[in-house]
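Residue numbers (our numbering): 27 to 280. C-beta: ideal position from N, C-alpha, C; glycine also.
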């Protein structure tokens, strides 16, 4: 899903000149990537119109929640453990986990509207009722997730940004990892899957700095997928092109 075109977050209102913030008070956050791709099918537009609103985790955007009040996760999921998937792509993994863990609530964040529409179609077919969807920047969502509220997080085949000058755009930087760590409970698991060797290197450098420990004890712990893994379209593309997946598991300290 990577794209070298820089875009600002759709959830942010017009920028002001004061203190490098938006009129709502939101910090100016550059968003690098795509919000949309191929023309949506009529059925996908219908999913967006009919289903997306009901799957909202609550007031995430700065326009609707400028005070950044925390989401009421108790009301959302009724006391279940809550998992978070950052950038769920087409939603295969998110729906798979929801179906296999009905006692857990899962929130997915994805700014690419085509992927959101694909997920909504899968949710309809699966009839899953333990999913919430934020169709936007994960940073806005992490702003309003209560501290130590998430039991597990997933970052699966994120945008690789292969050029060295673009590495600061990767999710595995402190700009993203620090708020993620704040949201995770002590002992929470954070899974990262990628087929890019340099992304593995950066992940192993940056994630521990944010308060995590890498749980690998033997090569199979990063070479073999997790027992509950489902291979995504991005992984299948990597395998077709001869790249090797890596599966990294971290635990939140504290």
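Residue from 184, 133, 244 with nearest C-alpha to residue 259: 184
Out of curiosity, what's the CA-to-CA distance linking residue 273 and residue 251? 6 Å
Would you please state the rounded distance, in angstroms, between the beta carbons of residue 146 and residue 73? I believe it to be under 8 Å. 4 Å
Would you kindly report the start and end of the unbroken alpha helix (DSSP H) that includes residue 249? 246-249
May I have the straight-line CA-CA distance separating residue 139 from residue 110, to the nearest angstrom? 18 Å
Given residue 275, which residues of its chain have a CB within under 6 Å of its CB, disregarding the five upstream and five downstream residues? 217, 241
Residue 225: which of 270, 99, 94, 156 sits nearest, CA to CA? 270
My output table needs one value for residue 256: the three-state DSSP class, helix, strand or coil. coil
If I follow the unbroken alpha helix (DSSP H) through residue 98, where does it start and stop? Segment: none, residue 98 is in no alpha helix (DSSP H) and carries neither H nor E.
When 278, 84, 69 are compared against residue 170, the one with the closest alpha-carbon: 84
Supposed close pair residue 165, residue 205 - CB separation, criterion 8 Å: 7 Å
Residue burial classification, residue 196 (beta-carbon count within 10 angstroms, cutoff 16): buried
Less than 8 Å between the C-beta atoms of residue 156 and residue 117, yes or no? no
Do you know offhand how far residue 227's Cα is from residue 198's? 10 Å
Rounding to the nearest angstrom, what Cα-Cα distance links residue 154 and residue 207 in this structure? 27 Å
Are there 16 or more other CB atoms within 10 angstroms of the CB of residue 261, so buried, or fewer, so exposed? buried
Buried versus exposed call for residue 178 [16 or more other C-beta atoms within 10 Å across all chains shown]: buried
Given residue 257 as reference, the closest of 246, 78, 211, 120 once Cα atoms are compared: 120
What would DSSP say about residue 103, mapped onto helix, strand or coil? helix
Please determine, among 279, 253, 122, the residue with the shortest C-alpha to C-alpha distance to residue 212. 279
Can you tell me the Cβ-Cβ gap for residue 80 and residue 113, rounded? I've got them flagged as a contact below 8 Å. 22 Å between Cβ atoms; not a contact.
Just grab the DSSP bridge partners of residue 159 for me. 134
Looking only at C-alpha atoms, which of 104, 150, 97, 190 sits nearest to residue 69? 150
Could you tell me the boundaries of the beta strand (DSSP E) in which residue 139 lies? It is not in any beta strand (DSSP E) - residue 139 instead sits in the alpha helix (DSSP H) that spans 139-152.
Excluding the 5 residues flanking residue 99 on each side, which residues of the same chain have their C-beta closer than 7 Å to its C-beta? 108, 172, 175
Just curious, the alpha helix (DSSP H) that residue 242 is in, first and last residue? That residue, residue 242, is in no alpha helix (DSSP H); it is neither H nor E in DSSP.
So residue 225 is in the alpha helix (DSSP H); what residue range does that whole segment cover? 223-235
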